[in-house]
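Reminder that position 29 of the sequence shown reads as 95 in our numbering, one-by-one numbering, no gaps.
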Amino acid sequence: METTAPSPYLVGNQKLIHLVRHAQGLHNLEAEMNRTSIQFTDAALSTLGWQQVRQQRENVSATGMLQGIEVVITSPLLRTLQTSVGLFGREEHEDQCGNKTSTLNHPPIIATELCRERMRKGRSRGSLSQCRSGFPQVDFSLIESEDDILWDADERETNEAVAARGINFIKWLLAREEREIAVVSHGVFLQETLIALKNKCLPLMDGDPFSRFGNCEIRSVIIFNESVKGLRLDSRKTNYCCGRIPKEITLQVDEVTNQ
67 METTAPSPYL VGNQKLIHLV RHAQGLHNLE AEMNRTSIQF TDAALSTLGW
117 QQVRQQRENV SATGMLQGIE VVITSPLLRT LQTSVGLFGR EEHEDQCGNK
167 TSTLNHPPII ATELCRERMR KGRSRGSLSQ CRSGFPQVDF SLIESEDDIL
217 WDADERETNE AVAARGINFI KWLLAREERE IAVVSHGVFL QETLIALKNK
267 CLPLMDGDPF SRFGNCEIRS VIIFNESVKG LRLDSRKTNY CCGRIPKEIT
317 LQVDEVTNQ
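Structure (structure tokens):
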């Protein structure tokens, strides 16, 4: 893969993070229809979810975002893996001679437990072998156990605990060498992470910082490395503004300053 230079409006050690909630899953569809008859341990995308992925893939390609992203970090659950590969994975095309070619830019996709959904009973990922077999484009080397041993608690994880995990995840991202990163995760995790970041990030579009992500929605923020290092959960009390990504990013260099 040819590497693409980071976006020119990033200065110093800032990073551009594209936060993506997975497209509609079958469990979302059941909830929207007020049905609870079917229990989904690791829900796949619905028909509408796949349509959302196709539409968002067109937007990602049209805006040039796909060319700038250096790595995609994804939760290892089925719906996030499907969304990650659908949005950012290789697209192979076969010519008249049967030769297969792929899109020029297809950033590596790495799965990690760090950006999992809210911890709750009955929402586990598939086995590592299943994940690798179903998603050969994804790097699962950071997943340590064959079976899901993390999320078997009897009680739901609190918002405060999710936010703390989110900040630890952001610090992990900041330690990576890439400067433009896509993260495919879950609604509660992304929302609580943004709330916890407060004024430690710069949104690329005005919006409600506390609103829930829509399915397959992308919000992009510039994060200031130094200001996040010492961030603790108790600093969530201060308001900040963070919003949704516009179709075209026009932020100027002099508008981005370390805070």
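From the three backbone atoms N, C-alpha and C, an ideal C-beta is built for every residue, glycine too. Here the structure is a predicted model, which means the values were calculated and not measured.
Practice problem: Over the uninterrupted beta strand (DSSP E) stretch that includes residue 267, give me the two end residues. | Solution: Taken as a continuous stretch (DSSP letters only), the beta strand (DSSP E) holding residue 267 covers 267–269.
Quiz item: Hey, residue 261 and residue 229 are a contact pair by Cβ (cut 8 angstroms); roughly how many whole angstroms apart?
Solution: Yes, residue 261 and residue 229 are in contact; Cβ-Cβ is about 6 angstroms, under 8 angstroms.
Self-check item: Ranges of the beta strand (DSSP E) found wholly within the stretch 118–197, counting only runs of at least 3
Solution: Those beta strand (DSSP E) runs which fall completely within the stretch 118–197 and span 3+ residues are 137–140, 158–160, 166–168 and 175–177.
Quiz prompt | Which of helix, strand or coil DSSP assigns to residue 78 | solution = Secondary structure of residue 78 (DSSP, three-state): coil.
Quiz prompt | Close Cβ partners of residue 321 (< 7 angstroms) along its chain, the five nearest in sequence each way excluded | solution = Only weak support exists for where residue 321 lies, its pLDDT of 37 falling under 50; the value from the coordinates is given anyway. Counting only Cβ-Cβ distances below 7 angstroms, and skipping sequence neighbours, we find nothing.
Quiz item: How big is the Cα-Cα spacing for residue 265 and residue 245?
Solution: Rounded to whole angstroms, residue 265 and residue 245 show a C-alpha spacing of 19 angstroms.
Self-check item: For residue 245, the three-state DSSP class (helix, strand or coil)
Solution: Three-state result, residue 245: coil.
Quiz prompt | Collapsed DSSP secondary structure at residue 84 in the structure displayed | solution = Strand, per DSSP.
Quiz item: Secondary structure at residue 70, three-state DSSP: helix, strand or coil?
Solution: Unreliable positioning characterises residue 70 in this predicted model, as indicated by a pLDDT of 42, which lies under 50. The coordinate reading is nonetheless provided below. Per DSSP, reduced to three states, the secondary structure at residue 70 is coil, with no helix or strand assignment.
Exercise. For residue 251, collect the residues of the same chain with a Cβ closer than 6 angstroms to its Cβ; drop the 5 residues on either side in sequence, then sort them by chain order.
Key: Cβ within range, chain order: 141 and 181.
Quiz item: Shortest alpha-carbon distance to residue 297 belongs to which of 279, 282 and 237?
Solution: Of the candidates 279, 282 and 237, the residue whose Cα lies closest to the Cα of residue 297 is 237.
Quiz item: Would the stretch 81–92 and the stretch 109–118 be scored as touching if the rule is three or more Cβ pairs under 8 angstroms?
Solution: Result yes; three or more Cβ-Cβ pairs closer than 8 angstroms.
Practice problem: Could you name the residues of the same chain whose beta carbon sits closer than 6 angstroms to that of residue 233, not counting the 5 residues immediately before and after it, in chain order? | Solution: Excluding sequence positions up to five before and after residue 233, its CB lies within less than 6 angstroms of the CB of 262 and 297, all in the same chain and listed in chain order.
Quiz item: What three-state label does DSSP hand residue 278 in the structure shown?
Solution: Residue state, collapsed to three classes: coil.
Self-check item: Local conformation of residue 256 per DSSP, three classes
Solution: Residue state, collapsed to three classes: helix.
Quiz item: Rounded to a whole number of angstroms, what is the C-alpha to C-alpha distance between residue 136 and residue 289?
Solution: Distance between the alpha carbons of residue 136 and residue 289 is about 16 angstroms.
Quiz item: Roughly how many angstroms lie between the CA atoms of residue 225 and residue 144, to the nearest whole one?
Solution: The alpha-carbon separation between residue 225 and residue 144 amounts to approximately 23 angstroms.
Quiz prompt | Exposed unless 16 or more other CB atoms sit within 10 angstroms - verdict on residue 254 | solution = By the 10 Å Cβ count, residue 254 comes out buried.
Quiz item: If you draw a straight line from the alpha carbon of residue 81 to that of residue 211, how long is it in whole angstroms?
Solution: Taking C-alpha positions only, residue 81 is separated from residue 211 by approximately 30 angstroms.
Quiz item: So the alpha helix (DSSP H) residue 231 belongs to, where does it begin and stop?
Solution: Annotation: the continuous alpha helix (DSSP H) that includes residue 231 extends over 225–240.
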